[in-house]
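Heads up: the sequence shown begins at 1 in UniProt numbering, then just goes up one per residue.
The beta carbon of each residue, even a glycine, is placed where N, CA and C say it ideally should be.
Heads up, the thing below is written out as structure tokens.
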Amino acid sequence: MLESLGLTLRLAVTSAVVSTVIGTLAAFGLRRAFPGRGLWTVLLSLPLVVPEVVLGVALLGFCVKLAGIPLGFGALLAAHVAFSLSFVVVVVRARVAGVDHRLEEAAADLGAGPWVAFRTVTLPLVAPAVAAGAAFAFLLSFDDVVTSSYLTGVGSTTLPVFVYAQAGKRGVSPEIVALSTLMVAVSAALLVAGVMLASRRARASTFVESIRDQ
1 MLESLGLTLR LAVTSAVVST VIGTLAAFGL RRAFPGRGLW TVLLSLPLVV
51 PEVVLGVALL GFCVKLAGIP LGFGALLAAH VAFSLSFVVV VVRARVAGVD
101 HRLEEAAADL GAGPWVAFRT VTLPLVAPAV AAGAAFAFLL SFDDVVTSSY
151 LTGVGSTTLP VFVYAQAGKR GVSPEIVALS TLMVAVSAAL LVAGVMLASR
201 RARASTFVES IRDQ
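Pasting the structure below:
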């Protein structure tokens with residue numbers, strides 16, 4: 001059980017970090033028009049609409065048959081990044097679209113280079129959205145059962161899969177109840193954190209808009 005908990009936390013943290021980095025870069029890349037942007041938008045949005053069972057089977061085929069990734073942590077990480085990435089892109093892209101490019105232009109007029117303007121102007125405005133996307137990515141990975149059940153290998157059983165398997169074999173024992181309560185508590189805390197970050201993002205956007213309109 002402790003091994004499954006450790007694996008789940010390590011998987012959730014790693015997938016959240018990877019998804020947040022790639023998703024944030026993708027969100028910034030998609031804000032400008034380029035050939036194929038519509039196709040990339042559709043591809044990144046597929047995990048949002050494809051049933052999780054279908055997604056799990058597709059990822060199983062991709063990891064094992066095409067990419068040659070053995071069942072276990074590597075396959076789980078690839079799958080969790082694949083379905084978490086879409087949520088990060090949606091959250092961050094919505095905030096990036098609301099950032100007025102004239103703020104960066106004003107920073108450039110004051111002598112700031114592209115990196116300085118991004119770090120001091122754009123990044124603070126999108127940081128709450130990035131943090132919210134990371135929280136949601138962690139939550140999605142931490143709670144996943146369906147996709148993980150397809151890609152679990154020997155010695156790589158995640159906590160949700162472990163709880164599901166034990167409940168099916170032994171029924172609802174006190175240990176299962178305790179584990180389920182822990183998972184619900186962690187999920188609720190992350191959900192509240194994500195909502196608070198989203199609210200902070202909205203307040204920051206309103207504040208910037210009020211300053212810009214003055």
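Where do the ends of the alpha helix (DSSP H) carrying residue i lie?
i: T24; result: 2-29
i: G68; result: Careful: G68 lies outside any alpha helix (DSSP H) and carries neither H nor E.
i: P128; result: 123-143
i: R102; result: 101-109
i: V116; result: 114-117
i: T147; result: 146-151
DSSP state of residue i, grouped into three classes?
i: S45; result: helix
i: R32; result: coil
i: A82; result: helix
i: P51; result: coil
i: A185; result: helix
i: V90; result: helix
i: G72; result: coil
i: T158; result: coil
Use the C-beta contact count for residue i: other C-beta atoms within 10 angstroms, 16 or more gives buried, fewer gives exposed.
i: T157; result: buried
i: S45; result: exposed
i: P35; result: exposed
i: D109; result: exposed
i: T8; result: buried
i: P160; result: buried
i: P174; result: exposed
i: R32; result: exposed
i: V184; result: exposed
i: R93; result: buried
i: residue 215; result: Since the first residue shown for the chain is 1 and the last is 214, residue 215 is missing from the structure and cannot be characterised.
i: V99; result: buried
Are the C-beta of residue i and some C-beta of chain D separated by less than 8 Å?
i: K65; result: This model lacks chain D altogether, as it is built from one protein chain only.
The region 37-53 in contact with the region 83-90 per 3-pair CB rule at 8 Å
yes
For the 8 Å Cβ check, are there 3 or more pairs between the region 93-110 and the region 139-153?
no
Flag this pair as touching only if the region 125-135 and the region 15-26 have three or more C-beta atom pairs under 8 Å; answer yes or no.
yes
Within 8 Å, do at least three Cβ pairs link the region 115-124 to the region 58-77?
no
Using 8 Å as the Cβ pair cut-off and three pairs as the minimum, do the region 86-93 and the region 21-30 touch?
yes
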